[in-house]
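Novice: Numbering (our numbering), first residue to last: 20 to 469.
Quick one: the structure is below, questions incoming.
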């Protein structure tokens with residue numbers, strides 16, 4: 020990656036952010052942001068749509084973004100956020116400012132304000148395999164007879180399975196096929212924010228009118244509507260209005276409609292009333308196709324050996340798989356040629372996850388070995404820092420990588436209270452955001468557990 024090239028820099032930053040936060044947060048807060056310029060003073064200027072976004076970035080994402088850019092180069096001294104109004108939101112073509120800063124031509128990341136769709140998500144870039152061919156076929160059926168066939172269309176599956184890509188591809192294709200009709204995409208979190216803001220501002224009727232005039236409405240991550248009773252009721256009435264007028268509705272979630280907790284049965288019934296399709300785990304052939312296409316899209320030709328290694332190194336999330344490919348692309352750009360298998364193995368160590376059948380004792384042994392301490396000291400009632408930090412790391416790994424309950428972790432590590440375990444895990448999570456050395460330590464420990 021050329022850190023002086025804002026296009027490549029922002030693409031890399033987005034990739035790292037997407038791996039660090041939930042899909043809902045990423046879609047809500049990063050869809051309309053972009054690098055305005057990279058200043059000669061070492062300040063990175065990021066454009067955001069409003070003061071609310073600016074405040075939220077400073078509160079929630081500033082530390083993460085700063086860590087990402089400083090990992091790229093210590094030349095980046097700080098990040099500042101500029102409010103860019105709607106008419107200026109599309110990034111300008113590449114020009115030099117009077118201060119020598121490079122403006123960012125980032126058209127492929129520009130989100131159309133009228134429909135909120137990302138132009139990168141198309142069927143041309145969507146890899147079809149046995150794991151998602153039914154969902155793809157349903158998407159094509161919807162485009163043939165929108166509002167009639169499979170209404171609503173409900174796509175669900177674990178995070179990183181390509182749900183957002185598919186449902187946005189439907190939206191982008193809908194625009195091409197039906198130029199006179201209106202489409203809009205948003206996350207359920209954004210729906211809640213819009214509704215809450217409209218109630219507070221006394222513009223609830225305007226909110227209702229806005230969403231009822233779309234011919235295709237796509238709502239992502241609908242599971243986050245749980246416990247949002249007033250927003251849920253509003254969606255229920257909106258659904259009825261759109262459905263009764265043959266307007267197409269598409270939802271996505273990480274679980275089936277009837278498995279979403281804390282929403283009313285009547286809304287669950289509406290969500291499940293059309294076509295519900297699960298996107299499963301990608302098969303090896305599909306994963307290899309995803310790796311090959313992702314690399315080729317960046318002009319990188321990988322050997323079959325490298326493609327197979329990357330595709331089989333981690334199962335499940337397409338997002339993490341693409342993150343691995345982005346890491347390889349970054350190394351390729353630095354080196355100037357495609358890496359061999361040994362270089363790929365080394366560069367992807369940070370993506371490695373422990374095996375799920377490793378025991379608690381195995382984890383304790385490896386962490387104690389890594390920090391050079393006696394494994395028995397982990398179980399002792401001591402507050403010495405050289406023991407406390409490794410113990411907290413063990414708790415964090417057991418929770419994050421093995422999904423062991425807090426009480427069980429406490430019991431296994433010397434009979435500690437579950438609140439102590441929770442505190443330790445949260446402490447490591449916070450420190451990981453700002454402590455790159457700790458992040459590398461945990462990455463190295465994970466490689467020992469494979």
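Just so you know, even glycine gets a beta-carbon here, dropped at the ideal spot from N, CA and C.
Values in this document were obtained by computation on a predicted structure and should not be read as measured data.
1) So, using beta-carbon positions, are residue 309 and residue 146 closer together than 8 angstroms?
2) Please tell me whether residue 161 and residue 155 are closer than 8 angstroms, where the distance is taken between their beta carbons.
3) For residue 412, which of 290, 159, 383 and 87 has the nearest alpha-carbon?
4) Please classify residue 259: is it buried, with 16 or more other beta-carbons within 10 angstroms of its beta-carbon, or exposed?
5) Does DSSP put residue 459 in a helix, a strand or coil?
6) Rounded to whole angstroms, what is the Cα-Cα separation between residue 344 and residue 86?
7) Taking only the alpha-carbon atoms, compute the straight-line gap between residue 171 and residue 51 and give it to the nearest angstrom.
8) Could you spell out the range, first to last residue, of the beta strand (DSSP E) harbouring residue 239?
9) If we call anything under 8 angstroms between Cβ atoms a contact, is residue 207 one with residue 240?
10) Give every residue of the same chain whose Cβ lies closer than 8 angstroms to the Cβ of residue 441, excluding the five residues on either side of it in the sequence, and list them in chain order.
11) If you run the structure through DSSP and keep just helix, strand and coil, what is residue 292?
12) For residue 283 and residue 303, what's the separation of their Cα atoms in angstroms?
13) Just to confirm the assignment, what range does the alpha helix (DSSP H) spanning residue 37 have?
14) Taking 8 angstroms as the limit between beta carbons, can you name the residues of its chain near residue 34, skipping five residues before and five after?
15) Compare the beta carbon distance of residue 90 and residue 455 with 8 angstroms and say whether it is the shorter of the two.
16) Is it the case that the region 235-254 contacts the region 269-288, given that we only count it when at least three CB pairs across the two stretches are under 8 angstroms?
17) Can we say the region 174-185 touches the region 212-221, given the rule of at least three CB pairs closer than 8 angstroms?
18) Who are the Cβ neighbours of residue 140 in its own chain at under 6 angstroms, not counting the five residues just before and after it?
19) By the DSSP assignment, the beta strand (DSSP E) with residue 64 in it spans what residues?
20) Specify, as a first and last residue, the run of the beta strand (DSSP E) that residue 99 falls within.
21) Which value, in whole angstroms, describes the spacing of the CA atoms of residue 266 and residue 380?
22) Secondary structure at residue 74, three-state DSSP: helix, strand or coil?
23) Would residue 46 be called buried (16 or more neighbouring beta carbons within 10 Å of its own) or exposed?
24) Drop a sphere of 10 angstroms on the beta-carbon of residue 254, count the other beta-carbons inside from all chains shown, and report buried for 16 or more, exposed for fewer.
25) Cβ atoms of residue 98 and residue 69: under 8 angstroms apart, would you say?
26) Apply the 10 Å Cβ neighbour rule to residue 30 and answer buried if 16 or more other Cβ atoms are within range, or exposed otherwise.
27) Would DSSP call residue 421 helix, strand or coil?
28) With respect to the beta strand (DSSP E) encompassing residue 242, which residues constitute its N-terminal and C-terminal limits?
29) Using the Cβ count rule (16 or more neighbours within 10 Å means buried), how would you classify residue 167?
30) I'd like the span of the alpha helix (DSSP H) that includes residue 262, first residue to last.
31) At a threshold of 7 angstroms, does residue 272 count as lining the ligand ATP (C-beta to nearest heavy atom)?
32) Taking 7 angstroms as the limit between beta carbons, can you name the residues of its chain near residue 446, skipping five residues before and five after?
33) Do residue 290 and residue 270 have their C-beta atoms closer together than 8 angstroms?
34) My assumption, with CB atoms under 8 angstroms, is that residue 54 sits in contact with residue 28. Please give the rounded CB distance.
35) What residue from 192, 203 and 150 has the CA that sits closest to residue 132's CA?
36) Work out the CA separation of residue 36 and residue 393 for me, nearest whole Å.
Specialist: On the basis of the supplied data:
1) Position 290 of the chain shown, counted from the start, is the residue given in the question as residue 309. Position 127 of the chain shown, counted from the start, is the residue given in the question as residue 146. Yes; because the gap between Cβ atoms is below 8 angstroms, this pair is in contact.
2) Against the chain shown, residue 161 aligns to sequence position 142. Against the chain shown, residue 155 aligns to sequence position 136. No, these two residues do not count as a Cβ contact at 8 angstroms.
3) Counting from one through the chain shown, the residue named residue 412 turns up at place 393. Out of 290, 159, 383 and 87, 383 has the C-alpha closest to the C-alpha of residue 412.
4) Within the chain shown, residue 259 is the residue found at index 240, counting from 1. Counting Cβ neighbours within 10 Å, residue 259 comes out exposed, since fewer than 16 surround it.
5) For the purposes of this step, residue 459 is identified with residue 440 of the chain shown, where counting begins at 1. If DSSP states are grouped into helix, strand and coil, residue 459 belongs with the helices.
6) Locating residue 344 in the chain shown gives position 325, counting from the first residue. Locating residue 86 in the chain shown gives position 67, counting from the first residue. Straight-line Cα distance between these residues: approximately 21 angstroms.
7) Along the chain shown, read from residue 1 onward, the residue named residue 171 stands at position 152. Along the chain shown, read from residue 1 onward, the residue named residue 51 stands at position 32. Their backbone Cα atoms lie some 27 angstroms apart in a straight line.
8) The residue given as residue 239 occupies position 220 in the chain shown. Element bounds for residue 239: 235-239.
9) On the chain shown, position 188 is the one that residue 207 refers to. On the chain shown, position 221 is the one that residue 240 refers to. Going by C-beta atoms, residue 207 is nearer than 8 angstroms to residue 240.
10) Counting from 1 along the chain shown, the entry for residue 441 is found at position 422. Result list for residue 441: 425, in chain order.
11) By 1-based counting over the chain shown, the position of residue 292 is 273. Three-state DSSP puts residue 292 in coil, outside helix and strand.
12) Along the chain shown, read from residue 1 onward, the residue named residue 283 stands at position 264. Along the chain shown, read from residue 1 onward, the residue named residue 303 stands at position 284. In a straight line, the C-alpha of residue 283 is about 39 angstroms away from that of residue 303.
13) Translated into positions along the chain shown, residue 37 becomes position 18. It spans 25-39 - the alpha helix (DSSP H) in which residue 37 sits, taken as one unbroken run.
14) Locating residue 34 in the chain shown gives position 15, counting from the first residue. Only 341, 342 and 345 meet the Cβ criterion.
15) Indexing the chain shown from 1 puts residue 90 at position 71. Indexing the chain shown from 1 puts residue 455 at position 436. Their beta carbons are under 8 angstroms apart, which means residue 90 touches residue 455 by this criterion.
16) yes
17) no
18) Indexing the chain shown from 1 puts residue 140 at position 121. Within the same chain, residue 140 has close Cβ partners 184, 187 and 188.
19) To locate residue 64, count along the chain shown from 1; it is residue 45. Start and end: 62-67.
20) The residue given as residue 99 occupies position 80 in the chain shown. Note, residue 99: beta strand (DSSP E), 97-102.
21) In the chain shown, counting from the first residue as 1, residue 266 sits at position 247. In the chain shown, counting from the first residue as 1, residue 380 sits at position 361. Looking at the two C-alpha atoms, the distance is approximately 56 angstroms.
22) By one-based count along the chain shown, residue 74 stands at place 55. Of the three classes helix, strand and coil, the one that applies to residue 74 here is helix, per DSSP.
23) The sequence position of residue 46 within the chain shown is 27, counting from 1. Buried, by the Cβ-count rule.
24) Here residue 254 is taken as the residue at index 235 of the chain shown, counted from 1. So residue 254 counts as buried.
25) Stepping through the chain shown from its first residue, residue 69 is reached at position 50. Stepping through the chain shown from its first residue, residue 98 is reached at position 79. Taking 8 angstroms as the Cβ cut-off, residue 69 and residue 98 do not qualify as a contacting pair.
26) Walking along the chain shown from the start, residue 30 turns up at place 11. That one is buried.
27) Residue mapping note: residue 421 aligns to position 402 of the chain shown, counting from 1. Residue state, collapsed to three classes: helix.
28) In the chain shown, counting from the first residue as 1, residue 242 sits at position 223. Note, residue 242: premise wrong, no beta strand (DSSP E); not H, not E.
29) In the chain shown, the residue the question calls residue 167 occupies position 148. Under this definition residue 167 is an exposed residue.
30) What you label residue 262 is simply residue 243 of the chain shown in a count that begins at 1. It spans 248-263 - the alpha helix (DSSP H) in which residue 262 sits, taken as one unbroken run.
31) With respect to the ligand ATP, the structure offers nothing, as it holds no ligand at all.
32) To locate residue 446, count along the chain shown from 1; it is residue 427. Excluding residues within five positions, the ones whose Cβ falls inside 7 angstroms are 411.
33) Mapped onto the chain shown, residue 290 falls at position 271. Mapped onto the chain shown, residue 270 falls at position 251. Yes.
34) Sequence index remark: in the chain shown, residue 54 carries index 35 (1-based). Sequence index remark: in the chain shown, residue 28 carries index 9 (1-based). About 7 angstroms; that satisfies the 8 angstroms criterion.
35) Looking up residue 132 in the chain shown gives position 113. Of the candidates 192, 203 and 150, the one whose C-alpha sits nearest the C-alpha of residue 132 is 203.
36) Within the chain shown, residue 393 is the residue found at index 374, counting from 1. Within the chain shown, residue 36 is the residue found at index 17, counting from 1. Their Cα atoms are separated by approximately 37 angstroms.
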